[in-house]
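Quick note, the sequence shown lines up with residues 654 to 866 if you use the working numbering.
Take a look at the structure set out below.
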Amino acid sequence: YRMTCDGVMVLSAELLPHYPGSFLLDNASHVQERETDNSQTREVALIASVDNRLDFELIEKLTELLPDVQFHFHGWVQAHLRGVSARFEALCRHENVIYHGPYQNAELDTLLAPYRIGLIPYALSNRINRYVNPDKIYHYLRAGMEVVATPIPQALRMQEYVHLAATAGEFASRINALLSGGERKRPAHLGSRFHWSERWPSLKNYIAKLSAR
654 YRMTCDGVMV LSAELLPHYP GSFLLDNASH VQERETDNSQ TREVALIASV DNRLDFELIE
714 KLTELLPDVQ FHFHGWVQAH LRGVSARFEA LCRHENVIYH GPYQNAELDT LLAPYRIGLI
774 PYALSNRINR YVNPDKIYHY LRAGMEVVAT PIPQALRMQE YVHLAATAGE FASRINALLS
834 GGERKRPAHL GSRFHWSERW PSLKNYIAKL SAR
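Structure, rendered in structure tokens:
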């Protein structure tokens with residue numbers, strides 16, 4: 654396919670060395686900007702495909718470290734993957750874990766409105782996570798939320814806006830600090846930052862250059 658294509662576009666900077674000459678289009682969100690809310694609801698969100706990219710052990714320890722915080726999951730359980738359903742069902746037995754089921758992207762503005770903190774607890778040992786550029790980072794930020802993530806490459810690149818945490822203890826510490834009014838990283842005003850309207854001109858320019866060859 655690459656031999657017959659006019660160009661190659663990648664979503665993650667880590668993929669550039671594997672696709673020489675490719676075009677990097679950073680990820681973004683369609684969510685409308687919401688002002689940061691300083692209320693301290695003790696509910697945190699995780700929107701995700703529930704699969705082996707998640708660090709189930711870290712999440713389970715985190716729910717035990719913060720029994721007074723509710724962890725709300727929204728997304729699809731990849732039941733065809735070995736062990737995923739059993740691990741997620743075990744996680745949902747914790748009283749402070751609530752699973753809301755799958756969602757549609759068009760619902761995200763409303764779905765994320767109650768939350769102030771969004772989690773990205775991706776397993777550092779999973780090879781796929783070296784190359785992901787999760788759209789949930791952008792959705793959370795556009796929705797006015799603080800983001801706490803494991804130090805996958807994309808989160809490291811965005812640490813100006815993202816709180817990094819490698820262990821359940823560090824996640825608990827970051828969440829507690831934010832719930833107590835601690836230092837926030839999400840800017841007060843984003844404008845078009847992280848929105849697809851900011852990415853679209855770059856994509857149009859790339860396609861125009863390909864057409865001009």
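We put the CB at the ideal spot given by N, CA and C, even for glycine.
Computed from a predicted structure; not experimentally measured.
Tell me where the beta strand (DSSP E) around residue i begins and ends.
{"i": "Ser-845", "result": "Counting along the chain, Ser-845 falls outside any beta strand (DSSP E), and DSSP gives it neither H nor E."}
{"i": "Ile-773", "result": "770 to 773"}
When the Cα atoms are used, what is the spatial distance from residue i to residue j?
{"i": "Glu-713", "j": "Glu-686", "result": "31 Å"}
{"i": "Ser-682", "j": "Gly-754", "result": "21 Å"}
{"i": "Pro-720", "j": "Arg-810", "result": "31 Å"}
{"i": "Ser-692", "j": "Thr-763", "result": "17 Å"}
{"i": "Met-798", "j": "Asn-758", "result": "17 Å"}
{"i": "Gly-771", "j": "Glu-836", "result": "15 Å"}
{"i": "Pro-673", "j": "Asn-782", "result": "21 Å"}
{"i": "Leu-677", "j": "Glu-748", "result": "42 Å"}
{"i": "Arg-846", "j": "Ala-865", "result": "29 Å"}
Leaving out the 5 sequence neighbours to the left and right, which residues in its chain are closer than 6 Å to residue i when beta-carbon positions are compared?
{"i": "Tyr-752", "result": "Phe-726, Cys-745"}
{"i": "Ile-700", "result": "His-727, Gly-728, Lys-789"}
Whose C-alpha, out of the options, is nearest the C-alpha of residue i?
{"i": "Glu-816", "options": "Pro-720, Val-800, Leu-669", "result": "Reading off the sequence, residue 816 comes out as His, not Glu. That would be Val-800, whose Cα lies nearest to the Cα of His-816."}
{"i": "Asp-679", "options": "Leu-668, Leu-765, Thr-689", "result": "Leu-668"}
{"i": "Leu-733", "options": "Ile-860, Val-703, His-747, His-671", "result": "First, the amino acid is wrong: residue 733 is His here, not Leu. Of the listed residues, the one whose Cα sits closest to His-733 is Val-703."}
{"i": "Phe-724", "options": "Ala-802, Glu-696, Glu-851, Leu-718", "result": "Glu-696"}
Give every residue of the same chain whose Cβ lies closer than 8 Å to the Cβ of residue i, excluding the five residues on either side of it in the sequence, and list them in chain order.
{"i": "Glu-813", "result": "Lys-838"}
{"i": "Arg-706", "result": "Tyr-775, Ala-776, Asn-779, Ile-781, Asn-782, Val-785"}
Under DSSP, the alpha helix (DSSP H) around residue i begins and ends at which residues?
{"i": "Ala-865", "result": "849 to 865"}
{"i": "Glu-717", "result": "709 to 718"}
{"i": "Ile-751", "result": "Note, Ile-751: premise wrong, no alpha helix (DSSP H); beta strand (DSSP E) at 750 to 752."}
{"i": "Ala-666", "result": "Counting along the chain, Ala-666 falls outside any alpha helix (DSSP H), and DSSP gives it neither H nor E."}
{"i": "Asp-762", "result": "761 to 764"}
Per DSSP, residue i forms a beta bridge with which residues?
{"i": "Ser-702", "result": "Trp-729"}
{"i": "Val-801", "result": "Leu-772, His-816"}
By Cβ distance below 7 Å, which residues in the same chain neighbour residue i in space, the five residues on each side in sequence not counted?
{"i": "Phe-741", "result": "Val-703, Val-730"}
{"i": "Pro-806", "result": "Glu-667, Arg-783"}
{"i": "His-848", "result": "Ala-681, Ser-682, Arg-795"}
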